[in-house]
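Residue numbers (my numbering): 614 to 735.
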């Protein structure tokens, strides 16, 4: 057993140099931005409305109905907001709560990746 210690120690010392390349940045989730773009524009097969319906075609938001800007939001911000809305901890809009609740984890990650790829809307 003691003959494994040097190899284990070497592996543990090298781990920090290998891990950053293999993992997405902390606070983000890998997502498919192309699929996210499709969800934002067309919704999902299980009836989730397209984001553009309320947030606008440029995703700059719609103050008249309280829909915030989405374009350019960091992935972590979008993911946290969708989780909080789905859990009823953020927002009062029942439509958005139902939408956030109906989105899968992959849907959320894909939407977040797409929104983060956009420039901030004016």
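Idealized CB from N, CA, C, for every residue including glycine.
With respect to the alpha helix (DSSP H) encompassing residue i, which residues constitute its N-terminal and C-terminal limits?
i           : result
residue 688 : 688–699
residue 651 : 646–655
residue 667 : 665–668
residue 719 : 718–730
residue 711 : 707–715
Once you ignore the five residues that flank residue i on each side, which residues in its own chain have a CB closer than 7 Å to its CB?
i           : result
residue 721 : 692, 695
residue 675 : 667, 668, 669
residue 687 : 729
What does the alpha-carbon distance come out to for the pair residue i and residue j?
i           : j           : result
residue 728 : residue 669 : 13 Å
residue 719 : residue 650 : 13 Å
residue 673 : residue 731 : 11 Å
residue 711 : residue 659 : 12 Å
residue 644 : residue 717 : 12 Å
residue 683 : residue 705 : 17 Å
residue 700 : residue 656 : 20 Å
residue 689 : residue 703 : 15 Å
residue 677 : residue 661 : 21 Å
Closest by CA to residue i, which one among the options?
i           : options            : result
residue 663 : 652, 675, 697, 648 : 652
residue 709 : 648, 688, 697      : 697
residue 733 : 661, 702, 685, 713 : 685
Among residues of its own chain, excluding the 5 on either side of residue i, which ones have a beta-carbon nearer than 6 Å to its beta-carbon?
i           : result
residue 648 : 723
residue 646 : 726, 727, 730
residue 714 : 699
residue 680 : 667, 668, 674
For residue i, which residues in the same chain have their Cβ closer than 8 Å to its Cβ, ignoring the five residues on either side in sequence?
i           : result
residue 665 : 653, 654, 672
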